[in-house]
Amino acid sequence: MKASIIASLLAAGVALAAPAPISASNVEKRAEPSILACNDRNFSGYCQTISSPASECDKWLVGDFDDQISSVRPDENSFCYFFVDRDCSTDGDFFHVGYPGVADLSVTPVNGPEGSTRDFENKISSYFCVPNA
């Protein structure tokens, strides 16, 4: 009888110590935000998916992309800020956008009267993204 009590206690301890399974959705939430950046409008031409840690400024280190972006698309779980200055500085022009992004940066929607746009085509030098709340 003592053996069955000890076996039951050991089994209960193992069951309590077992880790909870991690779902795919929890793993995705922790993934680094990414953007699709293309040097032509409508997400065409030379495109690259770029990832960076959330809320960290990422400069266009690849010479192909500094001031050469014509369309950007954050991933579905992110909201991103794009800057004309290289260090994510708000001293220069910037805009923010979520998914599905901006297919034509020459007419980027901005705050203001309805239909207001600004030309950010071939001007972006840095960005950072934050997860959607």
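Taken in order, the sequence shown gives residues 1 to 133; the numbers are from full-length UniProt numbering.
Backbone N, C-alpha and C define an ideal beta-carbon position, used for all residues, glycine too.
- When DSSP states are grouped into helix, strand and coil, S126 belongs to the strand group.
- In this structure P33 touches S51 by the C-beta definition: roughly 7 Å separates them, less than 8 Å.
- For V84, the secondary structure class from DSSP, reduced to helix, strand or coil, is coil.
- Linking Q48 to C38 through their CA atoms gives a straight-line distance of about 7 Å.
- Distance from the Cα of I35 is smallest, within the candidate group R41, S116, V97, for V97.
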